[in-house]
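S.K.: Numbering (our numbering), first residue to last: 74 to 210.
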């Protein structure tokens, strides 16, 4: 469920898919103009933690680990994504901060992840398809 403008997820207050896809297109355009790369980090909450409160705690742990320039979105019921400026190393550093935040929760949250770096000439659909084919670890 999204807010009336369709930009935010009602439960988590994270960006909704339409906003994520628009920002992804902007990041691609920025990369084409300036050569500045970015990464996408996909996070899926463990199937044992499928309670509404866990989804909220998970999203809060992600947001606490991110910087203002990074966009966090809820793309599925238990799936979030983060647009990270920089390469896979920047995404890996963010992932470590998220993991730390998730272990500091009252009941530690477990999740799986995959990440990719942008490549010149790839469309948003190409990037997302490549991300979807990666095995979650």
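No residue lacks a Cβ here, since even glycine has one placed at the ideal position from N, Cα and C.
Per DSSP, which one or two residues make a beta bridge with residue 151?
M.R.: Answer by DSSP bridge pairing: none, since residue 151 is not bridged.
S.K.: Taking the alpha helix (DSSP H) that residue 132 belongs to, which residues open and close that run?
M.R.: Unbroken alpha helix (DSSP H) run through residue 132: 125-138.
S.K.: Give me the residue from 165, 115, 106 and 127 with the minimum Cα distance to residue 84.
M.R.: That would be 127, whose Cα lies nearest to the Cα of residue 84.
S.K.: From residue 103 to residue 159, what distance separates their C-alpha atoms?
M.R.: Cα to Cα, residue 103 sits roughly 12 angstroms from residue 159.
S.K.: Need the endpoints of the alpha helix (DSSP H) that residue 102 sits in, please.
M.R.: Start and end: 90-107.
S.K.: Name, in chain order, the residues that DSSP records as bridge partners for residue 113.
M.R.: Answer by DSSP bridge pairing, in chain order: 156 and 189.
S.K.: Could you check the C-alpha separation between residue 170 and residue 138 for me, to the nearest Å?
M.R.: Looking at the two C-alpha atoms, the distance is approximately 5 angstroms.
S.K.: Tell me whether the beta-carbon of residue 161 lies closer than 8 angstroms to the beta-carbon of residue 192.
M.R.: Their beta carbons are not under 8 angstroms apart, which means residue 161 does not touch residue 192 by this criterion.
S.K.: Give the DSSP-derived three-state secondary structure of residue 146 in the structure shown.
M.R.: The answer is strand: DSSP assigns residue 146 an E or B state.
S.K.: Since residue 118 sits in a beta bridge, which residues does DSSP pair it with?
M.R.: DSSP lists 184 as partners of residue 118.
S.K.: Would you kindly report the start and end of the unbroken alpha helix (DSSP H) that includes residue 165?
M.R.: Here the alpha helix (DSSP H) through residue 165 covers 161-176.
S.K.: Between the beta-carbon of residue 145 and the beta-carbon of residue 197, is there less than 8 angstroms?
M.R.: Not closer than 8 angstroms, so no.
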